[in-house]
Amino acid sequence: MYLTHRPIRSVAPRPHRAAALTFSLLLLLATILTHHPASAVRSLILTVRDDVSHTAALAAVADWQSRLPAPFRATLPPLPIAVSSWRGAVVKLDVPTDADALVGAAMGLARSVLGDWIDDVEHDAAVQALGVVRGRQDDQCIESQEPVVNWALARIAQPTLPLATAYTYPCPVNGSDAVVPTNYVLDTGIQINHTEFAPGRARWGATVLEGANDEDENGHGTFVAGLIGGTDFGVYKAAQLVAVRVLDANGTGSMSDVLKGLQWVVEQHKPGNVSIVNMSLGGTYSRSVNRAVDAATQAGVIVTVAAGNSGIDACLSSPASASSAITVGATDRQDNLASFSNRGRCVSLLAPGVEVTSSWIGASGKDARTASGTSFASPVVAGLIAMYANNGTLAPPNATDALLARWGRPPKVTRVRPQDSSEEDDAKELLRDRAVEDVVKIPRDIFSSFSPTPNLLAQVG
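Position one of the sequence shown corresponds to residue 833 (my numbering), numbered consecutively onward.
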């Protein structure tokens, strides 16, 4: 609930807050009964109110940091983050490693003192990659790959089982009038010299992870990129892939780095272009991250995310629960919902994600692995969206006529976007239109009756 806007002033506590602040400080002092020689940096994510300026809010937060008692020791000025209309700040505090209560106290102080400038305070929760690596026709122009080296490709090209051995898909549209979508991969990075991405279809965009280099030191991001647009393993084989590193060599990171990566993607997006960002990662529910995802989609970026691998309601995690995200659950070769896949009403649709094969990091630039996870269902959908955009079924309004002229006839589904809709709305609708219904075996239980999972399996169409 937003508070009534007041003129910006010093963050010194008002009389009506003095009692609460004093009480919080007393609790804090009671916590620090012994000396704590070891310390660690903990972060908070603050969401700035819509009715105040970002600059003023940052100044207020910095002033608040300077007034914190010694145990908090703010290490850096507040870091501003802005994902389109969502604005926030990351505050880093140096606290004793075994004193988590201090972080809670800091959150309480922030809410009490900064209520005129912020409306939300959260822990900067951990995030992780959501995959488990186990080892390595008609007159429309079409191409075919046979035999497929990734069963997921065969499955999205046919409405029913048994699995075929070929992957058939629309020819990429080239030329000056073609729509060239960009697939951003928020992950561990991409091995851009891998042969799957030749010639030069992968590039490094940004590394927002502090102290990290421009390299995929884990493999997860390279695997995801291969599913989006690898020559052998990928859905859309002409994909232009951009690495945005937000996770470390262990495949872990923080929500604040995810926010910074998303901010960078939004800054790169140009109106009239098709930008798709895939986030095969997740953590606990975060209102800040969800609001930032929604702001990114309002700015014109299409966001695909992994549903999560805990076998629970996807609405309990972020960014899977963001209302505007295209959230993807995983299926296996027999069209079963994967036992690990999160489910429920926050899932948008399903795609293959069990024992799929894709590119991996290695000196040869030719390595591959087989892996499972909703991390690997989401990029299948990201690749489909890029394909739809290129072949004219999902395209900016100013490119649709040119694309249709190149095809010589309308594709099966042609969309001219209404002025009040977004790329994300259009992509969701098209994915649902193309998906095959009621083929996935989803367990029926009490949970499913309260939060049903859409029985929609992604298809080329």
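Cβ atoms here follow ideal geometry from the backbone N, Cα and C, with glycine treated the same way.
With the rule of 3 Cβ pairs closer than 8 Å, the stretch 1125–1142 does not count as touching the stretch 1030–1049. G1007 sits exposed, since fewer than 16 C-beta atoms from the chains shown fall within 10 Å of its C-beta. When the five nearest sequence neighbours on each side are left out, the beta carbons in the same chain lying within less than 7 Å of the beta carbon of G1058 are those of E1028, F1065, G1066, S1190 and S1191, in order along the chain. Taking the Cα of A1203 as reference, the smallest distance to any Cα among D882, W983, D956 and I1278 is reached at W983. The beta-carbon distance between A1071 and G1061, rounded to whole angstroms, is 2 Å. This is short enough to meet the 8 Å contact definition.
Around the beta carbon of G1115, 16 or more other beta carbons sit within 10 angstroms, so the residue counts as buried. In this structure, G1143 and S1283 do not form a Cβ contact; the two beta carbons are roughly 13 Å apart against a cut-off of 8 Å. Close CB contacts of A1259 within its chain, under the 7 Å cut and outside five residues either way in sequence, are with I1134, I1158, I1217 and L1226 (chain order). Assignment of E1047 by DSSP, reduced to helix, strand and coil, places it in the coil class. In this structure, the CA atom of W1096 is about 16 Å from the CA atom of A1044.
The Cβ-Cβ distance between A1290 and V1213 falls below 8 Å. By the C-beta criterion, the stretch 1262–1280 is judged to be in contact with the stretch 1167–1184, since at least 3 inter-stretch pairs fall below 8 Å. E1049 is the residue among Q1100, E975, E1049 and V1106 whose C-alpha sits nearest the C-alpha of D1080. DSSP, read as helix, strand or coil, puts K1273 in strand. Rounded to whole angstroms, G1083 and G1021 show a C-alpha spacing of 10 Å.
Note on geometry: alpha-carbon atoms of L941 and L911 lie some 18 Å from one another. In this structure, Y1016 sits away from E975, with a CB-CB distance that is not shorter than 8 Å. Nearest to V981 by C-alpha distance, out of T1206, S1207, G1293 and R1201, is R1201. When the Cα atoms are used, A1152 and Q977 turn out to be separated by approximately 32 Å. By the criterion of a C-beta distance shorter than 8 Å, S1155 is surrounded in its chain by N1122 and D1126, once the five residues flanking it on both sides are discounted.
One thing to note: V893 has its Cβ no nearer than 8 Å to the Cβ of K924. Secondary structure at Q990: coil, using DSSP grouped into helix, strand and coil. Between the alpha carbons of Q960 and P991 lies a gap of roughly 32 Å. P1013 is positioned such that its CB atom lies no closer than 8 Å to that of A1183. CA-to-CA, the gap between Y999 and C973 works out to about 14 Å. Straight through space, the alpha carbons of G963 and D1164 are spaced by roughly 14 Å. Every beta strand (DSSP E) stretch that sits fully inside the stretch 1109–1149 and reaches 3 residues is listed by chain position as 1113–1116 and 1133–1138.
With a threshold of 16 other beta carbon atoms within 10 Å, S1207 meets it and is buried. By the Cβ-count criterion, T997 is exposed, with fewer than 16 other Cβ atoms from all chains shown falling within 10 Å of its own Cβ. Runs of the alpha helix (DSSP H) lying entirely within the stretch 911–959, each at least 4 residues long, are 932–945 in chain order. The shortest C-alpha to C-alpha distance from S1180 to any of R1276, D1145 and T1285 is the one to T1285. V1078 is a Cβ neighbour of L1041, given a cutoff of 8 Å. Restricting attention to R919, Q1023 and G947, the CA atom closest to the CA of W896 is found in G947.
D951 places its beta carbon less than 8 Å from that of R881. In the structure shown, the three-state DSSP call for D1019 is strand. DSSP places E1099 in no beta strand (DSSP E) but in the uninterrupted alpha helix (DSSP H) bounded by M1087 to Q1100.
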